[in-house]
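Residue numbers (my numbering), protein chains in the order written: chain A, 7 to 514; chain B, 7 to 317; chain C, 155 to 511. Glycine residues also receive a C-beta, built at the ideal position from the N, C-alpha and C atoms. Let me begin by presenting the structure, written as C-alpha cells, before commenting on it.
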Amino acid sequence: MTRASDGEPLVRMRGIVKRFPGVLANDHVDFELLPGEIHALLGENGAGKTTLMNILYGIYQPDEGEIIVKGRRARIRSPRDAIRLGIGMVHQHFLLVDKHTVAENLAMGYAKSILNPLREVRDRVRDFAEKYGIKVDPDAYIWQLSVGEQQKVEIVKALYAGAEILILDEPTSVLTPQEARDLFNVLRRMKEDGKGIVFITHKLSEVFEVADRVTVMRRGRVVGTLRVKEATRESLARMMVGRDVIFELKKSPSKPGEPVLEVRGLIVLGDRGREAVKGVNFEVREGEIFGVAGVAGNGQRELVQAIVGLRKVKSGSVKVLGIDATNKSPREIAELGVGHIPEERLKFGIVPDMSVAENSVLKSYYRPPYRKGLLLDYNEIRRTAESLINEYEIAVPSPDTQAKLLSGGNMQKLIVGREIRRDPKLIVASNPTFGLDVGATEYIRKLLLKKRDEGRAILLVSGDLDEVIQLSDRMAVMFEGRFVGVVKPEEVTREEIGLMMSGSEVRP
Amino acid sequence: MIEAKLIENILWIGLRSATPLLLASLGEIYAERSGILNLGVEGMMAVGALSSFATSLITGNPWLGVLVGMLSGGLLAMIHGVISIGFKGNQVVSGLALTMFGLGLSSVLGRVYVGNQLPVEARFLPKPVEPLSSIPILGRVLFDQDPLFYISLLLALVMWFLLYRTKYGIVIRSTGENPAAVDAMGISVNKVRYLSTLIGGILAGLAGAYLSVAYNPAWIENMTAGRGWIALALVIFSLWDPLRALLGSYLFGVVEASGYTLQAYGYSQWLLNGLPYLLTIIILTLGATESMRRRMGAPAALGKPYEREER
Amino acid sequence: MRFRTIKRLEMSRKIMILVRILSVLAALMTASIVFLVYGLNPVDVYTSIFYNAFATSIGVTESVVRMIPLLLVSSGLALAFRTGFWNIGAEGQLLAGAMAAYVVAVNYGSLSPALLIPVLFSVGFAAGAAWGILPAILKAKLNVNEVISTLMLYYVLYWTFQHLIHGPWKAKEKVGQLTYGGFAHTEVIPKASHLPLIDGTRIHWPTLLIAVIASILAYLLLTKTPWGFEMRAMGSNPDAAAAAGMSYLRTVALAMVVSGGLAGVAGVGELCGVQKRFTPEFLSGYGFSGIITAWLGGNNPMSLIVTNFLYGGLLVGGEYIMITYKLPIGVVDLFNGIILFFVLAGEFLVRYRVVRK
Numbered sequence: 007m008t009r010a011s012d013g014e015p016l017v018r019m020r021g022i023v024k025r026f027p028g029v030l031a032n033d034h035v036d037f038e039l040l041p042g043e044i045h046a047l048l049g050e051n052g053a054g055k056t057t058l059m060n061i062l063y064g065i066y067q068p069d070e071g072e073i074i075v076k077g078r079r080a081r082i083r084s085p086r087d088a089i090r091l092g093i094g095m096v097h098q099h100f101l102l103v104d105k106h107t108v109a110e111n112l113a114m115g116y117a118k119s120i121l122n123p124l125r126e127v128r129d130r131v132r133d134f135a136e137k138y139g140i141k142v143d144p145d146a147y148i149w150q151l152s153v154g155e156q157q158k159v160e161i162v163k164a165l166y167a168g169a170e171i172l173i174l175d176e177p178t179s180v181l182t183p184q185e186a187r188d189l190f191n192v193l194r195r196m197k198e199d200g201k202g203i204v205f206i207t208h209k210l211s212e213v214f215e216v217a218d219r220v221t222v223m224r225r226g227r228v229v230g231t232l233r234v235k236e237a238t239r240e241s242l243a244r245m246m247v248g249r250d251v252i253f254e255l256k257k258s259p260s261k262p263g264e265p266v267l268e269v270r271g272l273i274v275l276g277d278r279g280r281e282a283v284k285g286v287n288f289e290v291r292e293g294e295i296f297g298v299a300g301v302a303g304n305g306q307r308e309l310v311q312a313i314v315g316l317r318k319v320k321s322g323s324v325k326v327l328g329i330d331a332t333n334k335s336p337r338e339i340a341e342l343g344v345g346h347i348p349e350e351r352l353k354f355g356i357v358p359d360m361s362v363a364e365n366s367v368l369k370s371y372y373r374p375p376y377r378k379g380l381l382l383d384y385n386e387i388r389r390t391a392e393s394l395i396n397e398y399e400i401a402v403p404s405p406d407t408q409a410k411l412l413s414g415g416n417m418q419k420l421i422v423g424r425e426i427r428r429d430p431k432l433i434v435a436s437n438p439t440f441g442l443d444v445g446a447t448e449y450i451r452k453l454l455l456k457k458r459d460e461g462r463a464i465l466l467v468s469g470d471l472d473e474v475i476q477l478s479d480r481m482a483v484m485f486e487g488r489f490v491g492v493v494k495p496e497e498v499t500r501e502e503i504g505l506m507m508s509g510s511e512v513r514p
Numbered sequence: 007m008i009e010a011k012l013i014e015n016i017l018w019i020g021l022r023s024a025t026p027l028l029l030a031s032l033g034e035i036y037a038e039r040s041g042i043l044n045l046g047v048e049g050m051m052a053v054g055a056l057s058s059f060a061t062s063l064i065t066g067n068p069w070l071g072v073l074v075g076m077l078s079g080g081l082l083a084m085i086h087g088v089i090s091i092g093f094k095g096n097q098v099v100s101g102l103a104l105t106m107f108g109l110g111l112s113s114v115l116g117r118v119y120v121g122n123q124l125p126v127e128a129r130f131l132p133k134p135v136e137p138l139s140s141i142p143i144l145g146r147v148l149f150d151q152d153p154l155f156y157i158s159l160l161l162a163l164v165m166w167f168l169l170y171r172t173k174y175g176i177v178i179r180s181t182g183e184n185p186a187a188v189d190a191m192g193i194s195v196n197k198v199r200y201l202s203t204l205i206g207g208i209l210a211g212l213a214g215a216y217l218s219v220a221y222n223p224a225w226i227e228n229m230t231a232g233r234g235w236i237a238l239a240l241v242i243f244s245l246w247d248p249l250r251a252l253l254g255s256y257l258f259g260v261v262e263a264s265g266y267t268l269q270a271y272g273y274s275q276w277l278l279n280g281l282p283y284l285l286t287i288i289i290l291t292l293g294a295t296e297s298m299r300r301r302m303g304a305p306a307a308l309g310k311p312y313e314r315e316e317r
Numbered sequence: 155m156r157f158r159t160i161k162r163l164e165m166s167r168k169i170m171i172l173v174r175i176l177s178v179l180a181a182l183m184t185a186s187i188v189f190l191v192y193g194l195n196p197v198d199v200y201t202s203i204f205y206n207a208f209a210t211s212i213g214v215t216e217s218v219v220r221m222i223p224l225l226l227v228s229s230g231l232a233l234a235f236r237t238g239f240w241n242i243g244a245e246g247q248l249l250a251g252a253m254a255a256y257v258v259a260v261n262y263g264s265l266s267p268a269l270l271i272p273v274l275f276s277v278g279f280a281a282g283a284a285w286g287i288l289p290a291i292l293k294a295k296l297n298v299n300e301v302i303s304t305l306m307l308y309y310v311l312y313w314t315f316q317h318l319i320h321g322p323w324k325a326k327e328k329v330g331q332l333t334y335g336g337f338a339h340t341e342v343i344p345k346a347s348h349l350p351l352i353d354g355t356r357i358h359w360p361t362l363l364i365a366v367i368a369s370i371l372a373y374l375l376l377t378k379t380p381w382g383f384e385m386r387a388m389g390s391n392p393d394a395a396a397a398a399g400m401s402y403l404r405t406v407a408l409a410m411v412v413s414g415g416l417a418g419v420a421g422v423g424e425l426c427g428v429q430k431r432f433t434p435e436f437l438s439g440y441g442f443s444g445i446i447t448a449w450l451g452g453n454n455p456m457s458l459i460v461t462n463f464l465y466g467g468l469l470v471g472g473e474y475i476m477i478t479y480k481l482p483i484g485v486v487d488l489f490n491g492i493i494l495f496f497v498l499a500g501e502f503l504v505r506y507r508v509v510r511k
C-alpha cells in the first residue's frame, strides 16, 4: 500500500502551453500526480483544468512543454497513446454509445477475441464489481441506465484498459449527494490500490471531502498546489477567483402574487415512447422563483419542453395567465408572455451562422417594428442588438459578428437579454448558468432575482443544486418523472434534499 | 388465372434483378453505419459495370472482369472518402459529384463498347444445380442461378454476422453512432470510416459488374438506370440491417418483375419503366415511418464530419 | 512531416472567390486527361470550347440561351440549399412546368399571345411548385430523405412523359413532312404560345427577363424578408429555429414552392421559347447543372448571372466539341463531377488553414 508522499510521481507535466484561437488556455502549467493520491484540480469554468487533462489524455496537443509518465518522457498524440501509458479519463459528457449495451461499449475497445467478444467482457465486469464495489449490468443498454450508472461504466472502461492514472472531469455534476458519496468510496479503494486519481472540480466541498492535495488554476495558470489539510475554504476560494468571494447572494423576501403558470396532472412521453413526466402538479406565481432540482434525466427536459410547446403533452394541462397553453405551438406560447432560456445554448438558443443582431430578434423578427410589410427592417434590428450589447455588456466587436464566435458567457447573456427584452410574464430557465465562469454566472443569477423582484414569475430548472437552493423561493425535487416534494429551501437540509433526489419522500 | 410458370418466372427474374440492389445496399450499409453518407452509388456502379465489361470482353474471363469492377468501385469510393473524411467536405455534394463523375466516365469511356455483347465464355450464366433445381417453382428460382447470385446471398449473411456478432461490427456501428467515444478508446475513427467507405465502393463495383457480366451482357448507355438510388432507398428501408436489406431487395425485385410481366398484357412499357422509381418513393416513405415508429433511426453521426479538436 | 489543420474563424470573401476560380481551372486541367485518353490535344479542345462559346456572336447568344434556364433553376436551388433542403430533382420540376405549359398551349392556342404567355408562365410555375412541394411535405411530416425523393419524382415524371409523347400526345405522321426518323414527338405547339425572340438569335427574352428578376427577388427574399430569415435559420440550426417558434413545414414548403416554381418556369422557356415541341430528348440536364452553378455561384444575383453565363458557354463549347470530336453526352456529367470535386477540395482550404506540425 503506497502512501501519497512515497515514490516517484506517476505524472509530471512541465511548462505546458496551449493556445486556442483567441485564448491562452494553459499558460506554462506545471502539474504533478503521485501514486496512491487523489489530487483535486480546482478552478472555475474556463480556468484551463479540462484543457490540461485533455492534453494528458492525448485529445489535445500542447504547443509547448513536456509530459513525463512514470519517469519517462512521453509523446501523447492521441487517446490511444494515453491508454497505452495507463492513463484513463472519465469525461463530463460521457463518451458512450447510447444504442449499445454496456458490454458492447467495453468490447469495442478492449475485448481480445473477435468473435463473440461479449462473453469475456461480462466476466471482467464482474471482477471489477468485486474489487472496487462498482456495480453495473453488462447487458443493460446505455440509454436505460441512470446518469450515475453511466458514469460507473465510464470508470470501468478506464479500469478495463489497465489505467493506473484516472482522470475524472467534474464527476459529481450529474450525481445525487448519495451517489457522489458512493463514488468517493470507490475512488478511495482505488487510491489504496496505488492508483493516482486526478479529480477536476469547481466545488470546494468536494476537495475537502475526498482529495489529498489540490492544485488551483485560474485563467490558464496554476495559482498554487497544497495539501488539503493545510487549506481553508476561504484560501482556496481566494486562489480560485482572485478576490474574496461572497458565498451567499442577498435575497429579499418574496412577495408572491397571482399564479402565472399552472400545471395540472401533466404526463409527457419521452423520446422512447415511455412516460418521462408522470403526473406533475405545481404553480409558479408572480414575483417568485420556483426551482426544480434533480439529477438530469429525470424528466426535467421533457417537462420544460412541454411547457414551452416543444413537445406534445399526453395528458394534463398547462395554463399561462389563466389561458390554456396545452399543446400550443412554441410561437403561440411565447406570445402568451412566456420567455425561454433553453439548456444547451449552442444547440437551441442561437443560430450560430447568423449575426448577433439577427439572433437578438430570433423570436420577434416576424412582428413590427422589425418587420415592415414584406421586408425586415435591419436598422431596427441592429438598434435592438446594440442596446442589448450595451445593457448586458456583451463582449463582441460588432452586431454583425457571427454568433458562433461569442464565448459561452456572452452567448448566454445574449439569449437571456433577448428573452427579457420581450418582457415576458413567465421566464422558464433551463440550466441557465451551465458551463459559465463565475462572473457570468453571478450576472445571470442577479438578473433572475431582479426580474423576480419586479414581479415576474420564474421557473428555474437546474441540475446545479446550489443554484436552485440559492435562488428559489419554493422548490421541488424531480425524480423519475415526479415531484418528490415541494418545499421552501430554508426549511430543508441539504441531506434531506439529497434523499429526495434519490427518490425517498421526506415531505409530502 | 395465375399459372405456376408465371410465378416462377416472376420470382426468378425478380431475384436476379434484386441482386445488384442487394450488393450495392450491403456496401452502403457498412459505409453509413460508420457515419459516411455516400450518395455516389450510382456512379460507382456505372464505373464497375464498364470496367468489368471491358475486362471480360478483352480477357474473356468474367472473374477477372468482376475483380476489376470491384477495384474500380473501391477506387472511386476513395475519392469520396478523401473528400468527406480527409477534407471534411460536404458529404451530400461529394456523393453527387461522384455520381456525375462515375456516370460521365462510364459513358465517355464506354462509348466504344456500345452495342457490343459479351461472348458466352466471358459471362456468368445461370446453371441449374441438379437435383434441387427440379423442385417446382422454388427449384429454378433458387438453384438455377449464376455464381454471383449465390455470392450475394452469402455476403448478406456474412456481413450481417460481422456487423452484429463480432468486435469489428461493434466498432463500425459505434463509429457511426458516437465517433467521439470510439476516438476516446484509442481507435482511429478515420481508419474505420475509410475502410467502410472502401467496402461500400467495392460492393457497388461488384453490383455494377453483375449488371454487365451476368444480368445484361451487352453494353448500353445508362446501364445502371438509377439502381444506385434505389439501393440507397433500400438502405433506409432496411433500417441499416443486412438481413433486412436481403429481404427488402428481393421484395423490391419481385414487385418490379411483376410489373414488367404486365407488359405482356398490354400495359405501357414507359409507365412500367417508371414503376421502380415510384416503388422507391413508397419504400422510402415506409422506411422513414418505420424508423420513426421504432425510434430506430439512422446512425446518429451519419453525414457529419468528425473533428477531435472541438472547442 | 505531419500536418495539422486549424479551423479559420473568418472567411474572406476574396479568398472564397479565388478558391472557386482556381477549383474550376484545376478541374478543367484534370478533365484534359480524358481528352488525352481519346487521343485529343487538350489545348485544341479547350481553345475550341472557349472560342465557340465566347468569341463568336452566335456563341455568346447561345450561351445566353443556356443561361436562361440555368439562372432560373440555380436561383431557386440556392434558396433551397440555404434552407438545408437538398433539391436534386429540379429536372423533374422543370419537366412538370413544361408539361403543364404544353397542355395549356395545345388547348388554348387560339388565345392571343399577350394573354396566353403570362398564363403559360403562371401554369408552369404552379406545376413546378406542386412537384417541388411534395418532397418537402414528405420530409417535414415523415422525415423522408429529400435527395432520393426529389430524384425519384423526376424519374417517375420522366417515364410518364415518355409514355405521353409515345402515346396520347404523339403527333400524327403527315405525308411529306419531316419526321424524326420514326422517333416519337409531339406536334409543334400553337404559334400563339411561341415566345418572342431577340432578332437573329434564339434568345427568348421574356424568360430572360423573368430569370434576371427572379434571381434578384430570390436574393431579396432570402436576405431581407422574414421568410428568408426563417430559411437561413432552418438551414443553419433547425433545432434553434424550432425552439424559436419557426415551423419547419412552412419554411421548407415555401422554399420548395419557389425552387420548384422557378424550375417550372425554366421548363416553360425551354418548350415555348426554344424547342417548341416535345421529343424524347427534350431534357438537357439543366436541373442537374443548376446544382453545380448554384454551388459555385452562391446566392447573390450578380455572381449567379456571371456563373450561369460562363457555364452556359461551357455547355455551348461542350456541345461543339461533342459533335466535332464525337464525344458522348456523358462528357458534361464528367465535367460537372470533376468541377464539384475540386470545388469541395477548395472549400476545405477556405475553411481550414494547414499548418506544419
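Under 9 Å by beta carbon: chain B residues contacting residue i
i	result
M410(C)	Near M410(C) there are no residues of chain B at all, since even the closest Cβ is about 16 Å away, more than 9 Å.
Residue burial classification, residue i (beta-carbon count within 10 angstroms, cutoff 16)
i	result
D459(A)	exposed
R317(B)	Note that R317(B) has pLDDT 37, beneath the 50 cutoff, so the model's placement of it is unreliable and the number below is only indicative. Burial call: exposed.
Y205(C)	exposed
Q156(A)	buried
H99(A)	exposed
K369(A)	buried
Strand pairing of residue i, partner residues [DSSP]
i	result
G94(A)	L172(A)
Q408(A)	S361(A)
L267(A)	V290(A), V326(A)
N15(B)	BP columns for N15(B) are empty, so no partner.
8 Å Cβ cut-off: residues of chain A touching residue i
i	result
E183(B)	V103, D104, K105, H106
Neighbouring residues, chain C, relative to residue i (Cβ below 7 Å)
i	result
S274(B)	H317, G321
Selection from the options that minimises the alpha carbon distance to residue i
i	options	result
V98(B)	T478(C), V301(C), V188(C)	V301(C)
L174(A)	V159(A), Q184(A), A391(A)	V159(A)
F214(A)	R227(A), F190(A), M196(A), L352(A)	F190(A)
G202(A)	L210(A), V216(A), S211(A), H208(A)	V216(A)
A185(C)	V508(C), P434(C), L288(C), G491(C)	G491(C)
K325(A)	E289(A), G230(A), H346(A), Q306(A)	E289(A)
Closer than 9 Å at the beta carbon, the chain C residues around residue i
i	result
S100(B)	L494, F495, L498
Amino acids of chain A, ordered along the chain, whose beta-carbon sits closer than 9 Å to that of residue i
i	result
N391(C)	L352, K353, F354, I356, V357, P358, D359, M360
Under 7 Å by beta carbon: chain A residues contacting residue i
i	result
S180(B)	V103, H106, M114
Contact set between residue i and chain B, taken where Cβ atoms lie within less than 8 Å
i	result
P123(A)	T172, K173, I176
Uninterrupted alpha helix (DSSP H) stretches inside the segment 350-427 of chain C (no shorter than 4 residues)
Qualifying alpha helix (DSSP H) stretches, in chain order: 359-378, 380-390, 392-397, 402-422.
What are the uninterrupted segments assigned as beta strand (DSSP E) that are 3 or more residues long and contained completely in the segment 385-456 of chain A, given in chain order?
432-436
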